[in-house]
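Asker: Next up is a structure, given as structure tokens.
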Amino acid sequence: MQDLTKHLSLENNVQFNVNVPYEDLLKLYQTAHIGIHTMWNEHFGIGIVESMAAGLIMVAHRSGGPLLDIVETSAGSQNGFLATDAVEYAENILNIIVNNSEMNGIRSAARASVERFSEQEFEKNFLRAVSTLFTNT
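In the working numbering, the protein residues as written are 2 to 138.
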């Protein structure tokens, strides 16, 4: 990927960060606008949730957890984008760049939607699910 970046003369526009300390990751989130997640059939995708919480517009693979649980693409509740191949990823990224002023609604929806994955929501839903095991009927 780094060689391709150089070949396409994109060194000034693309960064590769590996094993970044969490504090540095938070700083990177503050400077980013788009998050890209390409793993096929990711079981959940905590990186997607973290990116959405940080306000990035996500383009994730149309499979697994991103498709089933995280990214919503329906009009009125859209919180990101899904893609399956390089062309779809490129089209979505271009759409985000070209229509950046229209992305604030998606960005807000993304931030709001990740609350369902918070520790508080997990605890509340877990206790509700198991409460019937502990009540006398």
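Glycine residues also receive a C-beta, built at the ideal position from the N, C-alpha and C atoms. Note that the structure is a prediction, hence the values are computed from the model and not measured.
Thinking C-alpha only, which one of L57, I98, F127 and A84 is nearest A110?
Answerer: The residue given as residue 110 occupies position 109 in the sequence shown. Looking at the Cα atoms, L57 is the closest of the given residues.
Asker: Use the C-beta contact count for N105: other C-beta atoms within 10 angstroms, 16 or more gives buried, fewer gives exposed.
Answerer: Translated into the one-based positions of the sequence shown, residue 105 becomes position 104. By the 10 Å Cβ count, N105 comes out exposed.
Asker: Express the C-alpha separation of Q121 and S132 in angstroms, rounding to a whole number.
Answerer: Residue numbering aside, residue 132 sits at position 131 when the sequence shown is read from its first letter. Residue numbering aside, residue 121 sits at position 120 when the sequence shown is read from its first letter. S132 and Q121: Cα-Cα distance of roughly 16 Å.
Asker: Assign A61 to one of two classes, buried (16 or more other C-beta atoms within 10 Å of its C-beta) or exposed (fewer than that).
Answerer: The count along the sequence shown starts at 1 and reaches residue 61 at position 60. Answer is buried; the Cβ neighbour count reaches 16.
Asker: Span of the beta strand (DSSP E) holding V60?
Answerer: The sequence position of residue 60 within the sequence shown is 59, counting from 1. I58 to H62 is the span of the beta strand (DSSP E), which, as asked, contains V60.
Asker: Could you check the C-alpha separation between E140 and I94 for me, to the nearest Å?
Answerer: Since the first residue of the chain shown is 2 and the last is 138, residue 140 is not available in this structure.
Asker: Give me whichever residues DSSP pairs with H38 in a beta bridge.
Answerer: If you number the sequence shown from 1, residue 38 lands on position 37. H38 pairs with A61.
Asker: Grab me the residues of A55's own chain with a C-beta within less than 6 Å of its C-beta, minus the 5 sequence neighbours each way, in chain order.
Answerer: The residue labelled residue 55 in the question sits at position 54 within the sequence shown. Correct list, in chain order: Y30.
Asker: To which residues of the same chain is M53 closer than 6 Å at the C-beta, ignoring the five residues directly before and after it?
Answerer: Taking the sequence shown and counting its residues from 1, the one referred to as residue 53 is at position 52. Excluding positions up to five away in sequence, the list reads M59, A111 and V115.
Asker: In terms of residues, what are the limits of the alpha helix (DSSP H) holding L83?
Answerer: Sequence index remark: in the sequence shown, residue 83 carries index 82 (1-based). Looking at the DSSP string, L83 is not in any alpha helix (DSSP H); the run it does join, the beta strand (DSSP E), is F82 to A84.
Asker: Considering only residues of the same chain and omitting the five flanking positions on each side of E68, which have a CB-CB separation below 7 Å?
Answerer: Taking the sequence shown and counting its residues from 1, the one referred to as residue 68 is at position 67. A quick correction: the sequence has Leu, not Glu, at residue 68. Excluding sequence neighbours, L68 sits near L83.
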